[in-house]
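Engineer: Numbering (our numbering), first residue to last: 2 to 353.
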């Protein structure tokens with residue numbers, strides 16, 4: 002830190018806030034610590050009695066907070082994100098489109114473990130809207146060691162495999178097929194109240210329902226309908242009913258018999274334990290594509306939020322869900338059925 006004459010301060014960096022007091026009007030900082038003095042600022046500084054200023058003295062091997070903040074932002078920012086201007090060592094990132102946010106958790110932890118710098122983000126694997134804030138970065142002191150920033154960058158890149166710490170996967174238009182099963186619905190004994198719930202949840206995204214069929218508990222018919230939906234171009238096939246372990250609940254068998262790869266039958270989430278997720282790989286005239294097939298338990302019909310709400314955004318963003326990721330949902334996988342549901346602004350599905 003050094004003392005300079007204000008008329009000669011252009012281009013220097015303030016080491017403290019400059020406060021302006023106007024009786025009955027304001028008492029606030031007109032320039033914050035870390036502000037780079039411009040030519041236009043000098044008359045303002047003189048008007049508040051600052052003939053001299055304490056400014057940052059550039060030292061070899063040290064970075065100003067704004068310079069260091071740019072390094073953190075560069076580590077975080079992926080495609081489809083917009084950044085704010087740097088201010089007082091802070092930069093914010095926002096979504097440039099609707100999509101699914103992915104966070105490199107280990108890399109984030111690596112950076113925050115260095116101290117004197119921080120990155121705070123939303124939870125990953127949840128949908129965001131265009132304009133939503135994704136993360137904020139900040140350098141804590143006014144100046145920070147260049148070597149510390151270099152080490153933090155290397156640690157983050159190593160943990161993230163060279164990728165940005167944040168990724169936004171845009172949602173694109175998806176075609177969906179629905180297969181409803183159950184003797185009680187097929188024979189008209191009860192009304193189908195399951196499909197309307199699925200339709201409402203799909204409306205939250207850019208989806209198109211290209212087909213809906215209802216069958217009794219005949220696994221061969223269900224298998225055939227799933228394959229027919231895929232043949233018509235469905236990106237996702239949702240099966241409802243017949244998902245328990247009763248002998249006449251045959252939807253899991255029907256999904257398996259399509260040849261789809263079963264990721265998991267069962268998930269450590271309540272509501273939603275009897276959930277099934279599979280991926281069917283279609284090789285049509287060498288144009289290979291993967292279709293997600295889901296078997297939904299009955300709780301999706303009556304519970305406000307379930308496993309379906311955690312997996313659906315990932316499926317629609319073409320973010321393949323693994324068995325290990327489903328297993329990890331156990332921590333945070335208990336919905337508390339609050340009287341006033343605030344999902345996703347709650348702990349459901351956020352174990353890490």
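Backbone N, C-alpha and C fix where the C-beta goes; we use that ideal spot for every residue, glycine too. Everything numeric in this text was worked out from a predicted model, so none of it was measured.
(1) Should the stretch 224-231 be called in touch with the stretch 194-204, which here means at least 3 C-beta pairs below 8 Å?
(2) By DSSP's criteria, residue 92 is part of a beta bridge. Which residues make up the other side?
(3) Roughly how many angstroms lie between the CA atoms of residue 280 and residue 315, to the nearest whole one?
(4) Hey, how far is the Cα of residue 15 from the Cα of residue 165?
(5) Report the CB separation of residue 138 from residue 70 in whole angstroms; it is logged as a contact under 8 Å.
(6) Three-state secondary structure (DSSP) at residue 208?
(7) Looking at C-alpha atoms only, which residue of 349, 254, 46 and 259 is the closest neighbour of residue 55?
(8) What do you reckon, are the CB atoms on residue 118 and residue 149 nearer than 9 Å?
(9) Quick one: grab the DSSP three-state call for residue 78.
(10) Do residue 177 and residue 99 come within 9 Å of each other at the CB atom, strictly closer than that value?
(11) Compare the Cα-Cα distances from residue 264 to each of 247, 244, 325 and 215 and report the closest residue.
(12) Between 42, 173 and 191, which has its C-alpha nearest residue 209's C-alpha?
(13) Could you tell me which of 186, 59 and 52 sits nearest to residue 3, measuring between CA atoms?
(14) Do residue 256 and residue 296 have their C-beta atoms within less than 9 Å of each other?
(15) Near residue 51, which residues of its chain fall below 8 Å by C-beta distance, leaving aside the five closest residues on each side in sequence?
(16) Please give me, in chain order, every unbroken run of the alpha helix (DSSP H) with length at least 4 that falls completely inside the stretch 281-338.
(17) Would you report the Cα separation of residue 43 and residue 159, rounded to the nearest angstrom?
(18) Going straight from the alpha carbon of residue 335 to that of residue 82, what length do you get?
(19) Using a 10 Å radius around the Cβ and a threshold of 16 neighbouring Cβ atoms, would you call residue 170 buried or exposed?
(20) Below 8 Å on the Cβ atoms is my contact criterion, and I expect residue 123 with residue 135 to pass it. Report the Cβ-Cβ distance as a whole number of Å.
(21) Could you check whether residue 127 and residue 175 sit closer than 9 Å to each other, using their CB atoms as the reference points?
(22) Using beta-carbon positions only, say whether residue 215 and residue 182 come within less than 9 Å of one another.
(23) Which whole-angstrom value is the C-beta distance of residue 78 and residue 64, which I expect to be below 8 Å?
(24) As an exercise, report each continuous beta strand (DSSP E) stretch of at least 3 residues that is fully enclosed by the stretch 139-193, in chain order.
(25) Are residue 239 and residue 270 closer than 9 Å when you measure CB to CB?
(26) Determine the contact status of residue 250 and residue 218, defining contact as a CB-CB distance below 9 Å.
(27) Output needed for residue 40: all residues of its chain with C-beta closer than 6 Å, excluding positions within five of it in sequence on either side, in chain order.
(28) Can you name the start and end residues of the alpha helix (DSSP H) that residue 225 belongs to?
(29) Rank 180, 231 and 80 by C-alpha distance to the C-alpha of residue 222 and give the top, closest one.
(30) Just list the beta strand (DSSP E) runs in the stretch 96-128, keeping only unbroken ones of 3 residues or longer that don't cross its boundaries, in chain order.
(31) In whole angstroms, what separates the C-alpha of residue 145 from that of residue 303?
(32) How is residue 235 classed by DSSP in three states: helix, strand or coil?
(33) Closer than 8 Å by C-beta to residue 352: which residues in its own chain qualify, once you throw out the five before and the five after it? Chain order, please.
(34) Keeping to the same chain, check which residues put their C-beta closer than 6 Å to that of residue 213; ignore five residues upstream and five downstream.
Structural biologist: Well, looking at it:
(1) no
(2) Within the chain shown, residue 92 is the residue found at index 91, counting from 1. According to DSSP, residue 92 bridges with 138.
(3) In the chain shown, counting from the first residue as 1, residue 280 sits at position 279. In the chain shown, counting from the first residue as 1, residue 315 sits at position 314. Answer to the nearest angstrom: the Cα atoms are 13 Å apart.
(4) Indexing the chain shown from 1 puts residue 15 at position 14. Indexing the chain shown from 1 puts residue 165 at position 164. Rounded to the nearest angstrom, the two C-alpha atoms are 32 Å apart.
(5) Your numbering for residue 138 matches position 137 in the chain shown. Your numbering for residue 70 matches position 69 in the chain shown. Sure, about 6 Å apart at Cβ, within 8 Å.
(6) Translated into the one-based positions of the chain shown, residue 208 becomes position 207. DSSP places residue 208 in strand when its eight states are reduced to three.
(7) Residue numbering aside, residue 55 sits at position 54 when the chain shown is read from its first letter. It is 46 whose Cα lies nearest to the Cα of residue 55.
(8) What you label residue 118 is simply residue 117 of the chain shown in a count that begins at 1. What you label residue 149 is simply residue 148 of the chain shown in a count that begins at 1. Cβ atoms of residue 118 and residue 149: closer than 9 Å.
(9) Residue 78 sits at position 77 when you count from the first residue of the chain shown. The three-state reading of DSSP puts residue 78 in coil, since its state is none of H, G, I, E or B.
(10) For the purposes of this step, residue 99 is taken as the residue at position 98 of the chain shown. For the purposes of this step, residue 177 is taken as the residue at position 176 of the chain shown. Their beta carbons are not under 9 Å apart, which means residue 99 does not touch residue 177 by this criterion.
(11) Indexing the chain shown from 1 puts residue 264 at position 263. With distances taken between Cα atoms, residue 264 lies closest to 325.
(12) Here residue 209 refers to the residue found at position 208 when the chain shown is read from its first residue. For the options 42, 173 and 191, the alpha carbon positioned closest to that of residue 209 is the one of 173.
(13) Position 2 of the chain shown, counted from the first residue, corresponds to residue 3. Here the closest residue by C-alpha is 59.
(14) Here residue 256 refers to the residue found at position 255 of the chain shown. Here residue 296 refers to the residue found at position 295 of the chain shown. Going by C-beta atoms, residue 256 is nearer than 9 Å to residue 296.
(15) On the chain shown, position 50 is the one that residue 51 refers to. Cβ neighbours of residue 51 beyond the five flanking positions: 7 and 19.
(16) 300-303, 308-317 and 324-329
(17) Looking up residue 43 in the chain shown gives position 42. Looking up residue 159 in the chain shown gives position 158. Taking the straight line joining both Cα atoms gives about 45 Å.
(18) Sequence index remark: in the chain shown, residue 335 carries index 334 (1-based). Sequence index remark: in the chain shown, residue 82 carries index 81 (1-based). Cα to Cα, the separation comes out at about 32 Å.
(19) One-based indexing of the chain shown puts residue 170 at position 169. Answer is buried; the Cβ neighbour count reaches 16.
(20) Within the chain shown, the letter at position 122 stands for residue 123. Within the chain shown, the letter at position 134 stands for residue 135. 6 Å between Cβ atoms; contact.
(21) As a working note, residue 175 is residue 174 in the chain shown. As a working note, residue 127 is residue 126 in the chain shown. With a cutoff of 9 Å on beta-carbon distance, residue 175 and residue 127 are scored as not near each other.
(22) The count along the chain shown starts at 1 and reaches residue 215 at position 214. The count along the chain shown starts at 1 and reaches residue 182 at position 181. Yes, the Cβ-Cβ distance between residue 215 and residue 182 is below 9 Å.
(23) As a working mapping, residue 78 is identified with position 77 in the chain shown. As a working mapping, residue 64 is identified with position 63 in the chain shown. Not quite, the Cβ-Cβ distance comes to about 19 Å (not below 8 Å), so this is no contact.
(24) 144-146, 167-171 and 175-182
(25) On the chain shown, position 238 is the one that residue 239 refers to. On the chain shown, position 269 is the one that residue 270 refers to. Taking 9 Å as the Cβ cut-off, residue 239 and residue 270 do not qualify as a contacting pair.
(26) For this step, residue 250 is matched to residue 249 along the chain shown. For this step, residue 218 is matched to residue 217 along the chain shown. Cβ atoms of residue 250 and residue 218: closer than 9 Å.
(27) Locating residue 40 in the chain shown gives position 39, counting from the first residue. So the qualifying residues of the chain are 11.
(28) Here residue 225 refers to the residue found at position 224 of the chain shown. Its alpha helix (DSSP H) spans residues 220-232.
(29) If you number the chain shown from 1, residue 222 lands on position 221. Checked all of 180, 231 and 80; the closest Cα to residue 222 is 180.
(30) 100-104 and 118-122
(31) Translated into the one-based positions of the chain shown, residue 145 becomes position 144. Translated into the one-based positions of the chain shown, residue 303 becomes position 302. The straight-line gap from Cα to Cα measures roughly 54 Å.
(32) Counting from one through the chain shown, the residue named residue 235 turns up at place 234. Three-state DSSP puts residue 235 in coil, outside helix and strand.
(33) On the chain shown, position 351 is the one that residue 352 refers to. Result list for residue 352: 329, 330, 331, 332, 333 and 334, in chain order.
(34) The sequence position of residue 213 within the chain shown is 212, counting from 1. Cβ within range, chain order: 179.
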